[in-house]
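A.B. asks:
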Amino acid sequence: MATQWLIGFVLLSLPLLVGVGMVVFMMSGKGNSKTTDEILELRKERRLKEEIQAEDLEQKSR
394 MATQWLIGFV LLSLPLLVGV GMVVFMMSGK GNSKTTDEIL ELRKERRLKE EIQAEDLEQK
454 SR
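According to the working numbering, the sequence shown is numbered sequentially starting from 394.
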């Protein structure tokens, strides 16, 4: 009977342990993810550079 209680306790505590692990991982900053604003800013800069390059190619081809 004691083993059933022990197994039940371990199984019930697993989601809690996983959740705590995820929070610790996110708070440690080792995920190395950029914020959405930074990603959007990089995409915007890249798109502007590509547009400028395309315009330069059009002017050179004339």
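In this text, a Cβ means the ideal position worked out from N, Cα and C, and glycines have one as well. If you're wondering where the values come from, they're calculated on a predicted model, not measured in any experiment.
Between the C-alpha atoms of Met419 and Ala395, what's the straight-line distance to the nearest angstrom?
C.D. replies: Roughly 36 Å separates the two Cα atoms.
A.B. asks: Quick one: what does DSSP say Met420 is sitting in, helix, strand or coil?
C.D. replies: Note: Met420 maps to helix in three-state DSSP.
A.B. asks: On the three-state DSSP scale, how would you describe Leu394?
C.D. replies: In the sequence as displayed, the identity of residue 394 is Met instead of Leu. The answer is coil: DSSP assigns Met394 none of H, G, I, E or B.
A.B. asks: Under DSSP, the alpha helix (DSSP H) around Thr428 begins and ends at which residues?
C.D. replies: Here Thr428 belongs to no alpha helix (DSSP H), and DSSP marks it neither H nor E.
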